[in-house]
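Protein chains in written order, with the numbering used here: chain R, 46 to 191; chain L, 46 to 191.
Ideal placement from N, C-alpha and C gives every residue a C-beta, glycine not left out.
Computed from a predicted model, the values in this text were never measured in an experiment.
Quick look at the structure:
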């Protein structure tokens, strides 16, 4: 019988300095929690600070793709579960999911007001003439990477 | 003759609390700078704090995809240029690029050491049995979104 897979995981609490004026976790601080979680995984694969220093190794992020599913508030307990989706001799493709016991229901979205929509359109029209945006539309995946 | 497009932009300086033990900007704080830049754009389209409060509107991030191209050190001056790639009645697809006058040359990458590679493989093998990772492989784009 296959053993259940226990995923490496990281826990944290949403700090006061991470939330916006509405008391919600700012987008960049989801990424910070994922970054702290990745530090744990890096330790688990045998590259804690001391080893990196001794062997003169370093790990850095090449690419990240975040999907925001729920708002999280100050003080919320969060847990990040991590999977290794792929790897080659020097790269890892990780998949991290954040869970929280106390997020609220998703907030309904409404359309842009007309004046705001008009300004959005002005920017979009002006920017349409520019050369292609180099990294837009990329997919993360080690098999597809060159 | 078409007018040159002046992109909305944001400037900041890499703060001491954003760098790791090597003095390099941590991955999540690139995202924080992009987040601050987006705040500026939100103001420019006519949704500053006061308007959002008065109209009971809110803006939040659905998805973000970051590509890390260079290390940046503490104290570096950075500039973020922003483009609107697409929009619908309530969503914006933005493209942001960060520039810095004083990043160093890219650091050469080396392969994982054998012991580290073995642990990476163990995780990857264990995680291969899991159900598909829901959001892996996604592409950001309003036309493709449903």
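Could one say the Cβ of residue i lies closer than 8 Å to chain L's Cβ atoms, at least one of them?
{"i": "residue 182 of chain R", "result": "yes"}
{"i": "residue 106 of chain R", "result": "yes"}
{"i": "residue 128 of chain R", "result": "yes"}
{"i": "residue 161 of chain R", "result": "yes"}
{"i": "residue 143 of chain R", "result": "no"}
{"i": "residue 165 of chain R", "result": "yes"}
{"i": "residue 100 of chain R", "result": "yes"}
{"i": "residue 178 of chain R", "result": "yes"}
{"i": "residue 146 of chain R", "result": "no"}
With respect to 7 Å, is the separation between the Cβ of residue i and the closest non-hydrogen atom of the ligand ADP below this value?
{"i": "residue 121 of chain R", "result": "The ligand ADP is not part of the structure shown, which contains no ligands of any sort."}
Roughly how many angstroms lie between the CA atoms of residue i and residue j, to the nearest whole one?
{"i": "residue 192 of chain R", "j": "residue 142 of chain L", "result": "The question about residue 192 of chain R has no answer, for chain R in this structure spans 46 to 191."}
{"i": "residue 94 of chain R", "j": "residue 72 of chain R", "result": "27 Å"}
{"i": "residue 184 of chain R", "j": "residue 138 of chain L", "result": "16 Å"}
{"i": "residue 85 of chain L", "j": "residue 50 of chain R", "result": "44 Å"}
{"i": "residue 172 of chain L", "j": "residue 132 of chain R", "result": "12 Å"}
{"i": "residue 178 of chain R", "j": "residue 97 of chain R", "result": "35 Å"}
{"i": "residue 151 of chain R", "j": "residue 161 of chain L", "result": "Only weak support exists for where residue 151 of chain R lies, its pLDDT of 48 falling under 50; the value from the coordinates is given anyway. If I take the Cα positions, the gap works out to 40 Å."}
{"i": "residue 170 of chain L", "j": "residue 83 of chain L", "result": "39 Å"}
{"i": "residue 187 of chain L", "j": "residue 112 of chain R", "result": "14 Å"}
{"i": "residue 60 of chain L", "j": "residue 118 of chain L", "result": "9 Å"}
{"i": "residue 110 of chain L", "j": "residue 110 of chain R", "result": "4 Å"}
{"i": "residue 56 of chain L", "j": "residue 69 of chain L", "result": "18 Å"}
{"i": "residue 157 of chain L", "j": "residue 52 of chain L", "result": "41 Å"}
{"i": "residue 100 of chain L", "j": "residue 67 of chain R", "result": "15 Å"}
{"i": "residue 63 of chain L", "j": "residue 87 of chain L", "result": "24 Å"}
{"i": "residue 116 of chain R", "j": "residue 76 of chain R", "result": "14 Å"}
{"i": "residue 174 of chain R", "j": "residue 163 of chain R", "result": "18 Å"}
Just tell me which of the options has its CA closest to the CA of residue i.
{"i": "residue 122 of chain R", "options": "R:79, R:58, R:138", "result": "R:58"}
{"i": "residue 102 of chain L", "options": "L:79, L:135, L:56, L:129", "result": "L:135"}
{"i": "residue 78 of chain L", "options": "L:144, L:129, L:157", "result": "L:144"}
{"i": "residue 154 of chain R", "options": "L:170, L:106, L:160", "result": "L:106"}
{"i": "residue 140 of chain L", "options": "R:161, R:167, R:75, R:181", "result": "R:181"}
{"i": "residue 81 of chain L", "options": "R:81, R:74, R:87, R:175", "result": "R:74"}
{"i": "residue 159 of chain R", "options": "L:168, L:174, L:92, L:68", "result": "L:92"}
{"i": "residue 176 of chain L", "options": "R:116, R:99, R:129, R:110", "result": "R:129"}
Here's a check: name, in chain order, each residue in its chain whose Cβ is nearer than 7 Å to the Cβ of residue i, leaving out the five neighbours to either side.
{"i": "residue 54 of chain L", "result": "124, 125, 126, 127"}
{"i": "residue 167 of chain R", "result": "none"}
Would you say residue i lies against chain R (beta-carbon separation less than 8 Å)?
{"i": "residue 151 of chain L", "result": "Low confidence applies to residue 151 of chain L: its pLDDT is 48, below 50, so where it sits in the model is not reliable enough to give any reading."}
{"i": "residue 70 of chain L", "result": "no"}
{"i": "residue 117 of chain L", "result": "no"}
{"i": "residue 124 of chain L", "result": "no"}
{"i": "residue 55 of chain L", "result": "no"}
{"i": "residue 187 of chain L", "result": "no"}
{"i": "residue 59 of chain L", "result": "no"}
{"i": "residue 120 of chain L", "result": "no"}
{"i": "residue 50 of chain L", "result": "yes"}
{"i": "residue 206 of chain L", "result": "Past the edges of chain L, shown from 46 to 191, lies residue 206 of chain L, and the structure says nothing about it."}
{"i": "residue 158 of chain L", "result": "yes"}
{"i": "residue 109 of chain L", "result": "yes"}
{"i": "residue 85 of chain L", "result": "no"}
{"i": "residue 82 of chain L", "result": "no"}
Whose C-beta lies closer than 6 Å to the C-beta of residue i among residues of the same chain, with five residues either side of it excluded?
{"i": "residue 65 of chain L", "result": "71"}
{"i": "residue 108 of chain L", "result": "185"}
Since residue i contacts residue j with CB under 8 Å, what's their CB separation in whole angstroms?
{"i": "residue 165 of chain L", "j": "residue 90 of chain R", "result": "5 Å"}
Residues in its own chain within less than 8 Å of residue i by CB, not counting five upstream and five downstream?
{"i": "residue 146 of chain L", "result": "121, 122"}
Taking C-beta pairs closer than 9 Å, name the residues in chain C that residue i reaches, listed in chain order.
{"i": "residue 94 of chain R", "result": "The structure shown contains no chain C; its protein chains are R and L."}
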